[in-house]
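Comments concern the structure below.
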Amino acid sequence: MNLNLRCLSYFIQVAKHKNFTKASNELFISQSTLSKSVIALEKELGTTLIDRSSNEFKLTPHGILLCENGRYLLDMIEKQEESIYNMMQGDQGVLRIGIPPVILTAYFPSIIYEFQKQNPKIKLHVIEAGANTIKERMDQDSLDLGVIIFPFAYPDYHVVPLASSFNTLLVHKSHALAHKDTACFKELIYENFLILDNTYMLHDRILYNCRSAGFEPRITCESSQWDFLAEMVSLNQGITILPYPITMRFHSDNIKRIKLKEPEFPWNIAFIVKKENSFSNLIDLFIQFSCEKVLSASHLSYSDSQIEAFLGNG
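Add 131 to a position in the sequence shown, counting from 1, and you land on the number used in the numbering used here.
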């Protein structure tokens, strides 16, 4: 039996909308053509897919089974077609990448610029979103490649480490901790926290570390904009915790930067790719290029003396 893929795709649209009229409008075909296609599919399979005795739209058990597995089949065919096309085109194609704004700012401007300069026929669609949102979009197959912050423990994904740094506590120069170079989470029990919102994995990790230290953080502001949080600290509205590379971009005499410990608070970022979506040439190419750029970029590798000098700058 050769399953008619066009009839299958038509049936899935009808099942999606639970209505022949809406489905035909989306497909830009007549309702009669759509109805005939579904009937032809039923004849081909030798079963009824839609319960026509019901007053409301209702799939038969076989219709439900075909709808669920048919979507998967069509998605797989589309992905294979795209993979074959990319392999045949070589240096052409489209790559959809999800990157959290904080990581995008810290690491990717030069990476993206140089990559597109060397590969002008490849189109990069960069979606800025928090790491949690990126994970959701990867699950939905609306992204080919994602960038996240460790820890990341999902068995359905390949994880490729990209860069490592640490998170930094920012306080106002008049703060009681401003004279210190390091601080532990227990010392933050009575602070007003200004943190990135819950679309970021850093948000969840801050909450986890605070709770592990025995307290629930008092959050007075959540934002998706790291520079806004830093500005709030400079106005003495609370404390914030941001990745070290990001804090280097914000200069204010009113802010003191302090390294966190107990627990240590690393900032490790990585690429993620769904295991069921085998690495394409484009994905391989971009990951390899990015890792080489980060490895060779001296400004992303910090020595102990550089860190000490930075923390001492106030």
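A virtual CB, placed ideally from N, CA and C, is assigned to each residue, including glycine.
Specify the secondary structure class of R336 as computed by DSSP and reduced to three states. The answer is helix: DSSP assigns R336 an H, G or I state.
Go through its chain and collect everything with a Cβ distance to L274's Cβ below 6 Å, but skip five positions before and after it. Contacts found: R227, G229 and R268.
Return the chain-ordered list of same chain residues with a C-beta closer than 7 Å to the C-beta of S421, the five sequence neighbours on each side being excluded. Result list for S421: I242 and L293, in chain order.
Spell out a yes or no on whether the stretch 196 to 203 and the stretch 159 to 171 are touching, meaning 3 or more CB-CB pairs, one atom from each, closer than 8 Å. Contact fails between the stretch 196 to 203 and the stretch 159 to 171, because fewer than three Cβ pairs, one in each stretch, are under 8 Å apart.
Determine the DSSP secondary structure at K387, reduced to helix, strand or coil. Reduced to three states, the DSSP call for K387 is strand.
Quick check: the stretch 369 to 384 against the stretch 353 to 361, are at least 3 beta-carbon pairs closer than 8 Å? Segments in contact, yes.
Measuring straight from C-alpha to C-alpha, what distance separates K167 and L276? Distance from the CA atom of K167 to the CA atom of L276, rounded to whole angstroms, is 40 Å.
For C138, which residues from the same chain have a beta carbon less than 8 Å from its beta carbon, with the 5 sequence-adjacent residues on both sides left out? So the list reads S168, V169, A171, L172 and E175, once near-sequence residues are dropped.
Out of H306, L391 and S155, state which residue places its alpha-carbon closest to the alpha-carbon of L366. Across the set H306, L391 and S155, the C-alpha of H306 shows the shortest separation from the C-alpha of L366.
Using 10 angstroms around the beta-carbon of T371, count the other beta-carbons present and answer buried if the total reaches 16, otherwise exposed. That one is buried.
Distance between G177 and A401 (C-alpha atoms, nearest Å): Their backbone Cα atoms lie some 49 Å apart in a straight line.
Would you say L373 and N250 are within 8 Å of each other, going by their C-beta atoms? Remark: C-beta atoms of L373 and N250 do not approach each other more closely than 8 Å.
Where does I243 fall in DSSP's three states? In the structure shown, I243 sits in a helix (DSSP, three-state: H, G or I).
If I measure Cβ to Cβ from S155 and keep anything under 8 Å in the same chain, skipping five residues before and after, which residues do I get? Sequence-distant Cβ neighbours of S155 in its own chain, meaning closer than 8 Å and more than five residues away, are S161, Q162, T164 and L165.
K390 classed as buried or exposed, judged by whether at least 16 other C-beta atoms fall within 10 angstroms: Classification of K390: buried, given that the 10 Å Cβ count is 16 or more.
Considering Cα atoms alone, identify which of E423, A344 and G369 is closest to K392. Comparing Cα-Cα distances from K392 to each of E423, A344 and G369, the minimum goes to A344.
Give me, in chain order, the residues of the same chain whose beta-carbon lies closer than 8 Å to that of A146; leave out the 5 immediate sequence neighbours on both sides. Only residues of its own chain outside the window of five on either side were considered, and among them L190, G194 and C198 have a CB closer than 8 Å to the CB of A146, listed in chain order.
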